[in-house]
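Each remark here refers to the structure printed beneath this line.
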Amino acid sequence: ADSAALASGWTRYAHFGFAVIDQFDRENSKTLVTTEVFDVNGADWGFTSFLPLTELHNPKRGYLVNDACLVEAYVFTDRSIGFISHELIVKTDSGRLKTKESDCVKAAMDNQRTASTKAVEITNPSPTPPYCQIMKQVEKRLAALHVQVEEAQKERENMLAEGKEIFKSSKEMKMELEALEMQWAEYEAMAKVAEEEESIVLAEWGRIKDFISSIKGKI
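Heads up: the sequence shown begins at 1 in the UniProt record's numbering, then just goes up one per residue.
Right, dumping it as structure tokens:
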């Protein structure tokens, strides 16, 4: 809720956990869990530090894989629900997350139906708990990343196919050039033989002309 719209002297309880998932080994995920009672004068609204950038970019860890960082958040505002822990986060798969999400919704509905003898400020509950909204956002992001990966794979396959065609064409052109070079060598050899024969014919013709000239002088 917007803190500016809350009544003076308000307080809000929250039990929450935050995790950066190690995509190589979920057991090594970085998690922090805490319980806070927020109020208008509170100076600390979260974790002052969580994960150094050097550790985030550590190639031996799976915090950042293919420019994708998987973040999970768990938030409960019911004081009776306090089961968030590092073990819960790292050992909870997507199916169990959905189970916890259902339990969260059911618990919230049960609390709304329970009568209270204390005068409390009533606010309109959100359609779904913040935890559920975060889960939906994460699922949408993962779906979008999956589509991007598929498109990148198709583009890579197309580039490989084009590269193979270019290589095949280049190989064929190389063979044609080699054949032309062999033919050119044959043509050069034939031309050289023709030049030599032409020289012989010219020399013979010169001798014939000299002979004819010598005969004319005697007649």
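The C-beta atom is built at its ideal place from N, Cα and C for all residues, glycine as well.
Every value quoted in this text rests on a predicted model; they were computed, and no experiment measured them.
Rounded C-alpha distance that separates residue i from residue j
| i | j | result |
| --- | --- | --- |
| F38 | H86 | 22 Å |
| S213 | R207 | 10 Å |
| F50 | V33 | 11 Å |
| W184 | I166 | 26 Å |
| L56 | K30 | 10 Å |
| Y187 | S169 | 27 Å |
| T210 | A189 | The identity of residue 210 in the sequence shown is Asp, whereas the question assumes Thr. Whole-angstrom Cα-Cα distance: 32 Å. |
| I84 | F18 | 10 Å |
| C69 | N158 | 28 Å |
| V149 | D78 | 39 Å |
| V65 | P59 | 9 Å |
| K154 | G163 | 14 Å |
| M173 | T54 | 51 Å |
| K171 | A152 | 28 Å |
| V201 | A161 | 60 Å |
| L142 | A5 | 34 Å |
Span of the beta strand (DSSP E), counted from its first residue to its last, around residue i
| i | result |
| --- | --- |
| V90 | Careful: V90 lies outside any beta strand (DSSP E), inside the alpha helix (DSSP H) at H86 to V90. |
| F76 | V71 to F76 |
| D39 | K30 to D39 |
Own chain residues within Cβ distance below 8 Å of residue i, not counting five before or after
| i | result |
| --- | --- |
| A144 | none |
| H146 | none |
First through last residue of the alpha helix (DSSP H) which encompasses residue i
| i | result |
| --- | --- |
| T54 | L53 to L56 |
Per-residue DSSP class, three states only, for residue i
| i | result |
| --- | --- |
| A7 | coil |
| G206 | helix |
| Y187 | helix |
| G163 | helix |
| R26 | helix |
| D61 | Position check: residue 61 holds Arg in this sequence, whereas Asp was assumed. Reduced to three states, the DSSP call for R61 is coil. |
| F18 | strand |
| A108 | Residue confidence for A108 is low, a pLDDT of 48 falling below 50, so the modelled location carries little weight; the figure read from the coordinates is stated next. In the structure shown, A108 sits in a helix (DSSP, three-state: H, G or I). |
| R156 | helix |
| R141 | helix |
Contacting residues, own chain, Cβ-Cβ under 6 Å from residue i (five flanking each side not counted)
| i | result |
| --- | --- |
| I134 | A73 |
| K216 | none |
| M28 | Here residue 28 is Asn; the residue named in the question, Met, does not match the sequence. Closer than 6 Å at Cβ, skipping near neighbours: D22. |
| R12 | F38 |
Closer than 6 Å: residue i CB and nearest the ligand HEM heavy atom
| i | result |
| --- | --- |
| L51 | Judged by which ligands are present, the structure shown has none, so any question about the ligand HEM falls away. |
Same chain only: Cβ atoms within 7 Å of residue i, ignoring 5 sequence neighbours per side
| i | result |
| --- | --- |
| R26 | V90 |
Cβ distance (whole Å) where residue i is taken to contact residue j below 8 Å
| i | j | result |
| --- | --- | --- |
| F16 | G62 | Not confirmed; about 23 Å, so no contact. |
| L71 | A14 | It should be noted that the sequence gives Val, not Leu, for residue 71. In fact, because the Cβ distance is near 18 Å, the residues do not count as touching under 8 Å. |
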